[in-house]
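Per my numbering, the very first residue in the sequence shown carries number 17; after that it's consecutive. Beta carbons are placed, not taken as given, at the ideal position from N, Cα and C, and that holds for glycine. Data first, discussion second: the structure below is written as structure tokens.
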Amino acid sequence: MSVGLPIAGQETCEDPLDLMEEIDRLKKETDTTILAHYYVDGEIQDVADFVGDSLKLARDATTVTTSRILFSGVHFMAETAKMLNPEKTVLIPDLNAGCSLAESCRPEDLKMFQDDLRANGHNFETVAYINTSAAVKSLVDWIVTSGNAREIIDRVPADKEILFVPDQHLGRYLSEVTGRKMILWPGSCMVHEIFSVQDLLRAKRNNPGSEVVAHPECPHSILEHADFIGGTEAIRKHVMAVAEPHTYLVATEANMIHPLEKAAPQHRFVPVPGVMTSTGETCACNRCPHMALNTLQAVRNCLRDGKPEIEWQPFFDKARDVVAKSLLK
Ligand code: CIZ
Numbered sequence: 017m018s019v020g021l022p023i024a025g026q027e028t029c030e031d032p033l034d035l036m037e038e039i040d041r042l043k044k045e046t047d048t049t050i051l052a053h054y055y056v057d058g059e060i061q062d063v064a065d066f067v068g069d070s071l072k073l074a075r076d077a078t079t080v081t082t083s084r085i086l087f088s089g090v091h092f093m094a095e096t097a098k099m100l101n102p103e104k105t106v107l108i109p110d111l112n113a114g115c116s117l118a119e120s121c122r123p124e125d126l127k128m129f130q131d132d133l134r135a136n137g138h139n140f141e142t143v144a145y146i147n148t149s150a151a152v153k154s155l156v157d158w159i160v161t162s163g164n165a166r167e168i169i170d171r172v173p174a175d176k177e178i179l180f181v182p183d184q185h186l187g188r189y190l191s192e193v194t195g196r197k198m199i200l201w202p203g204s205c206m207v208h209e210i211f212s213v214q215d216l217l218r219a220k221r222n223n224p225g226s227e228v229v230a231h232p233e234c235p236h237s238i239l240e241h242a243d244f245i246g247g248t249e250a251i252r253k254h255v256m257a258v259a260e261p262h263t264y265l266v267a268t269e270a271n272m273i274h275p276l277e278k279a280a281p282q283h284r285f286v287p288v289p290g291v292m293t294s295t296g297e298t299c300a301c302n303r304c305p306h307m308a309l310n311t312l313q314a315v316r317n318c319l320r321d322g323k324p325e326i327e328w329q330p331f332f333d334k335a336r337d338v339v340a341k342s343l344l345k
């Protein structure tokens with residue numbers, strides 16, 4: 017027998033309730049606060065100290081009093097927490113938890129594109145969605161989240177053009193609602209990109225009287241069928257404000273159903289695509305594979321071992337200034 021080697025499948029055999037208890041104990045023993053995004057598994061949201069979208073979590077990160085933060089989400093979110101807490105240890109359960117949007121916009125490509133625009137006489141400011149690396153954040157004028165985008169775009173002087181990176185769908189939607197002309201980077205989120213209009217219409221037919229709530233990262237072909245468009249926090253507030261039981265078809269990452277059910281248990285929430293097969297089974301194709309790296313085991317191991325850790329990078333100083341003026345004021 018090979019001593020010390022992991023046994024295939026062993027991790028997944030651990031009882032979730034035992035793991036949750038162990039995480040609770042380790043949090044106290046290691047002086048750690050857990051921040052969890054709405055897109056991670058519900059069990060992790062339940063053991064976290066703060067749960068929310070990236071705007072709320074960035075703000076929450078500035079109130080943490082423990083010496084360590086464990087960020088259960090994706091890499092750019094943990095980087096933001098580190099920028100705002102240079103003196104704290106910031107941990108992430110898996111360093112490979114990336115983001116298709118962040119990966120679509122590399123700092124060297126952005127820099128070259130900005131230089132080209134300037135050389136061609138464009139007078140612009142760059143607005144970046146928070147789903148970007150810290151290196152990209154250090155090259156832009158503003159950061160927006162789905163929760164504060166309109167407000168920030170109003171702060172860009174009216175005589176400037178806007179280069180919006182990296183989500184073309186969010187950019188197109190924001191350009192429509194703010195009336196500002198934008199140059200759009202051609203990125204998109206792999207989860208929101210895959211919703212099909214056909215599946216959405218089928219889900220509507222199967223759930224008569226339902227309302228479609230959709231994230232603005234969805235393509236226009238999905239948004240035109242939505243009754244409400246907003247980021248995760250806006251969707252949560254929207255359904256909480258309705259007292260009468262209702263069915264909502266939710267076009268965003270499927271783990272969002274967990275906080276919605278907690279906040280508004282009077283409603284029924286169906287992830288889109290809710291019904292994919294002729295036998296009426298639901299599919300799991302609206303899950304983010306990066307968020308899914310945040311398992312209970314990975315959170316426990318990270319707490320216990322104190323790694324992986326987000327290391328301070330030289331460009332964090334510049335990125336932090338942009339984050340602070342955009343998200344904390
Ligand atoms: O801002 C966030 O946290 C993201 C990535 C989505 C949302 O709407 O919450």
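key: Best match in Ala-151, Ser-154, Asn-147, Val-152 for proximity to Val-160 [C-alpha to C-alpha]   = With distances taken between Cα atoms, Val-160 lies closest to Asn-147.
ask   = Could you give the distance in angstroms between the alpha-carbon of Leu-309 and the alpha-carbon of Pro-109?
value = Here the alpha carbons of Pro-109 and Leu-309 stand approximately 8 Å from one another.
inquiry  = Output needed for Val-326: all residues of its chain with C-beta closer than 7 Å, excluding positions within five of it in sequence on either side, in chain order.
reply    = The displayed chain sequence assigns Ile, not Val, to residue 326. Exclusion of the five residues before and after Ile-326 leaves Ala-94, Glu-95, Lys-98, Val-106, Ile-108 as the residues of its chain whose Cβ lies within less than 7 Å of its Cβ.
query = Arg-252 by DSSP, collapsed to three states: which one?
reply = Of the three classes helix, strand and coil, the one that applies to Arg-252 here is helix, per DSSP.
ask   = By the 10 Å Cβ neighbour count, where 16 or more other Cβ atoms means buried, how is Gly-203 classified, buried or exposed?
value = Looking at its Cβ environment, which holds 16 or more other Cβ atoms inside 10 Å, Gly-203 is buried.
task = Could you tell me whether the segment 215-226 touches the segment 162-176, using the rule of 3 or more Cβ pairs below 8 Å?
result = In short, these stretches do not touch, since the Cβ pair count stays below three.
message = Can you list, in chain order, the residues of its chain with a C-beta nearer than 6 Å to that of Glu-177? Leave out the 5 residues immediately preceding and following it.
response = Once the five neighbours on either side are set aside, the close Cβ partners of Glu-177 are His-138, Phe-140.
ask   = Taking the DSSP output, what are the residues bridged to Glu-177?
value = Answer is Phe-140, bridged to Glu-177.
request  = Report whether the distance from the Cβ of Asp-76 to the nearest heavy atom of the ligand CIZ is below 7 Å.
outcome  = It does not: the Cβ of Asp-76 is nowhere closer than 7 Å to a heavy atom of the ligand CIZ.
inquiry  = Taking the straight line between their C-alpha atoms, what separation do you get for Glu-124 and Cys-318?
reply    = C-alpha separation (whole angstroms): 32 Å.
query = DSSP on Asp-183, reduced to helix/strand/coil?
reply = Three-state DSSP puts Asp-183 in a strand.
ask   = For the beta strand (DSSP E) that contains Gly-68, what are its first and last residues?
value = Per DSSP, the continuous beta strand (DSSP E) segment holding Gly-68 begins and ends at 66-68.
ask   = Counting pairs of beta carbons, one from the segment 44-59 and one from the segment 72-85, are three or more of them closer than 8 Å?
value = Result yes; three or more Cβ-Cβ pairs closer than 8 Å.
query = Along the chain, which unbroken stretches of the alpha helix (DSSP H) at least 4 residues long are found entirely within the segment 74-153?
reply = Entirely contained in the segment 74-153, the alpha helix (DSSP H) runs reaching 4 residues are, in chain order, 91-100, 116-119, 123-135, 150-153.
task = Determine the contact status of Met-256 and Ala-280, defining contact as a CB-CB distance below 8 Å.
result = Annotated as proximal: Met-256 and Ala-280, with beta-carbon spacing under 8 Å.
inquiry  = Would the segment 117-136 count as touching the segment 61-71 if we require 3 or more Cβ pairs under 8 Å?
reply    = The segment 117-136, when compared against the segment 61-71, does not touch it at the 8 Å Cβ threshold.
query = DSSP beta-bridge partners for Met-307?
reply = Looking at the DSSP output, Met-307 shares a beta bridge with no other residue.
ask   = First and last residue of the alpha helix (DSSP H) that includes Met-206?
value = 206-209 is the span of the alpha helix (DSSP H), which, as asked, contains Met-206.
ask   = Which residues count as close to the ligand CIZ when the rule is a CB under 5 Å from any of its heavy atoms, in chain order?
value = Selection output, chain order preserved: Asp-69, Ser-70, Thr-161, Ser-162, Gly-247, Thr-248.
query = So what's Arg-316 in DSSP terms, helix, strand or just coil?
reply = In the three-state scheme derived from DSSP, where H, G and I count as helix and E and B as strand, Arg-316 is classed as helix.
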